[in-house]
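The structure appears right after this line, and notes come after that.
In my numbering, the protein residues as written are 24 to 289.
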């Protein structure tokens, strides 16, 4: 089956391009996926899928068959099979990036072949599930693209607050600018211990590291160990497709109940 999806990330096309090619950075953003190894254009990994009470583990490999930096176009061939023999999956994914204002639009074309239990969903439902997974992926990718800029801003602000503004030249009260071979010593208020050389710089680095570390810890990315819950992800689409069947069954039950009542009254 052929599927098309599109999403936008808040980064220039060159930045988005280099990020998407960094598998170790973007793999945790894909629900259920775990990257095992990267060797040049080849990679191996696994995807966990939960289908009601049944858990599937697809192990497979992939290859970057085309990487066009000038056109910002990449083609990936990937395939895998369930470890218990419950099905196989193969996909050719083509992604093209194009600038959109200060951001980037990513158009994804997927040619997917699925066998086994997941194939029972049908094309329409698989497309809806893929749409939600792409949305989760793009949201996580957006956070990862924004995070470095936010961490850099926090670091610069922390250093400025700690060290203060750069002092200007020293000017005498009634004379020209005073030039000395030694730097003027700061006045230490009574009761305070003079700060030793290097302490201020070390404290600045510690404060900066704490600030940057805090920004990193606030990042919320899906765990690669969590399986994709197909039924939970489908949600509304499943109910929408089952609704006519449920209504039909309810009508049949109602007719059967009425017929029984009529027979009893006779």
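The beta carbon of each residue, even a glycine, is placed where N, CA and C say it ideally should be.
Between the Cα of residue i and the Cα atoms of the options, which residue gives the shortest distance?
i	options	result
residue 133	153, 109, 123	153
residue 168	73, 158, 35	35
residue 87	148, 160, 102, 139	102
residue 60	164, 53, 68	68
residue 77	164, 139, 97, 113	139
residue 97	64, 107, 122, 123	64
My assumption, with CB atoms under 8 Å, is that residue i sits in contact with residue j. Please give the rounded CB distance.
i	j	result
residue 31	residue 117	About 18 Å; that fails the 8 Å criterion.
residue 45	residue 81	In fact, because the Cβ distance is near 22 Å, the residues do not count as touching under 8 Å.
residue 66	residue 84	7 Å
residue 24	residue 160	Actually they are not in contact, since the Cβ atoms of residue 24 and residue 160 sit about 19 Å apart, beyond 8 Å.
residue 72	residue 141	7 Å
residue 109	residue 135	17 Å between Cβ atoms; not a contact.
Do you know how far the Cα of residue j is from the Cα of residue i?
i	j	result
residue 149	residue 130	18 Å
residue 47	residue 143	32 Å
residue 56	residue 50	7 Å
residue 39	residue 29	14 Å
residue 112	residue 74	15 Å
residue 95	residue 120	5 Å
residue 164	residue 125	16 Å
residue 151	residue 62	33 Å
residue 157	residue 27	11 Å
residue 155	residue 123	22 Å
residue 368	residue 162	Outside the modelled stretch of the chain, which goes from 24 to 289, sits residue 368, for which no answer is possible.
residue 137	residue 33	33 Å
residue 99	residue 42	15 Å
residue 115	residue 90	14 Å
*Scan the region 107-144 and note each continuous alpha helix (DSSP H) run of 4 residues or more that stays entirely inside, going in chain order.*
Taking only runs of at least 4 residues, no alpha helix (DSSP H) segment lies wholly in the region 107-144.
_Ranges of the alpha helix (DSSP H) found wholly within the region 45-71, counting only runs of at least 4_ = Complete alpha helix (DSSP H) runs here, min 4: 46-49.
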